[in-house]
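First up is the structure itself, then whatever we jot down about it.
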């Protein structure tokens, strides 16, 4: 089975669907390459338009394979979820793509979208998780990721409570014996 | 007790809100703005966001995908 020319297994751990947040935030940090080990990053049309408006250069990154998706037909399960969690169009399309293509990983920084994904049995992770994962995937060094995390308040529009960010960095330093 | 805020709203969103009011689904645009804000705050509580970030850290360190 293929989706836009990309081979798909029964489930697709190497395909992910992206919401706008991580694409924008990772590009602001010059770290979109942390997505480079995925075969492709599927970008719903509404998300594509949002990123194009706020951070067009993120869509031109040569290190990752972004594939723009057409607006999928509305799935009733998502329609109900959208009302419950006040999801916007991009998040609705992203969850629909995951459901209809059996993609088990959504990348998003939106709390409501993550909760909705969880209730649909779709894993959802954000910018911080992707940065940390890049060490596990040997895409970035521990030192680079600690520097990127430290730079989040200055270089990105991702909002995180400063003391929580400091706690995360301290934990990583312990884990990585840095 | 309430306060007045000034915010710029995309034209399309405002038009959609005005249509709902005209159709009788809401009393006025202000009601829609307040309800939207309430729903957003309910689904974006700090404690939830923090738990999800901690989940991100675990996944980043020890996940399998």
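Residue numbers (our numbering), protein chains in the order written: chain A, 1 to 178; chain B, 179 to 243. All C-beta atoms in this analysis are idealised placements derived from N, C-alpha and C, irrespective of residue type, glycine included.
Check                                                                                                                                                                                      : Outcome
If you draw a straight line from the alpha carbon of residue 117/A to that of residue 184/B, how long is it in whole angstroms?                                                            : 33 Å
Under 6 Å Cβ to Cβ from residue 152/A, same chain only, skipping five residues before and after it: list those, please.                                                                    : 158
Closer than 8 Å, Cβ to Cβ, to anything on chain B: give me those residues from the segment 154 to 170 of chain A, in chain order.                                                          : 160, 161, 164 and 168
Select from 218/B, 220/B and 195/B the residue whose C-alpha is nearest the C-alpha of residue 209/B.                                                                                      : 195/B
Can you tell me where the alpha helix (DSSP H) holding residue 235/B begins and where it ends?                                                                                             : 224 to 240
What separation, rounded to the nearest whole angstrom, lies between the Cα atoms of residue 125/A and residue 83/A?                                                                       : 22 Å
Name the residues in the segment 225 to 236 of chain B whose C-beta lies less than 9 Å from a C-beta of chain A; which are they?                                                           : 226, 227, 228, 230, 231, 232, 233, 234, 235 and 236
Check each candidate in 44/A, 65/A and 59/A and name the one with the smallest Cα separation from residue 182/A.                                                                           : Nothing can be reported for residue 182/A, as the shown portion of chain A is limited to 1 through 178.
Give a yes or no on contact between the segment 58 to 66 of chain A and the segment 95 to 112 of chain A, applying the rule of three or more CB pairs nearer than 8 Å.                     : no
Check for me: the beta strand (DSSP E) holding residue 68/A runs from which residue to which?                                                                                              : 66 to 69
In terms of alpha-carbon separation, which member of 181/B, 240/B, 206/B and 211/B lies closest to residue 188/B?                                                                          : 211/B
Roughly how many angstroms lie between the CA atoms of residue 227/B and residue 130/A, to the nearest whole one?                                                                          : 16 Å
Taking just the CA atoms, how far does residue 48/A sit from residue 215/B?                                                                                                                : 25 Å
Over the uninterrupted beta strand (DSSP E) stretch that includes residue 125/A, give me the two end residues.                                                                             : 123 to 125
Count Cβ pairs between the segment 89 to 104 of chain A and the segment 227 to 241 of chain B that sit closer than 8 Å; are there 3 or more?                                               : no
Taking Cβ-Cβ distances below 8 Å as the criterion, which residues of the segment 78 to 102 of chain A are in contact with chain B?                                                         : 85 and 86
Could you say which of 33/A, 14/A, 57/A and 90/A lies nearest to residue 144/A if we only look at CA atoms?                                                                                : 33/A
Compute the beta-carbon to beta-carbon distance between residue 103/A and residue 15/A, rounded to the nearest angstrom, for a pair I have assumed lies under 8 Å.                         : 5 Å
Could you have a look at residue 103/A and say whether DSSP puts it in helix, strand or coil?                                                                                              : coil
Note down, one range per segment and in chain order, each beta strand (DSSP E) of at least 3 residues found wholly within the segment 31 to 58 of chain A.                                 : 40 to 44
Out of curiosity, what's the CA-to-CA distance linking residue 18/A and residue 69/A?                                                                                                      : 11 Å
Please tell me whether residue 189/B has its Cβ less than 8 Å away from any Cβ of chain A.                                                                                                 : no
Might you give, ordered along the chain, the residues of its own chain that have their beta carbon closer than 8 Å to the beta carbon of residue 71/A, omitting 5 neighbours on each side? : 44, 45, 46 and 93
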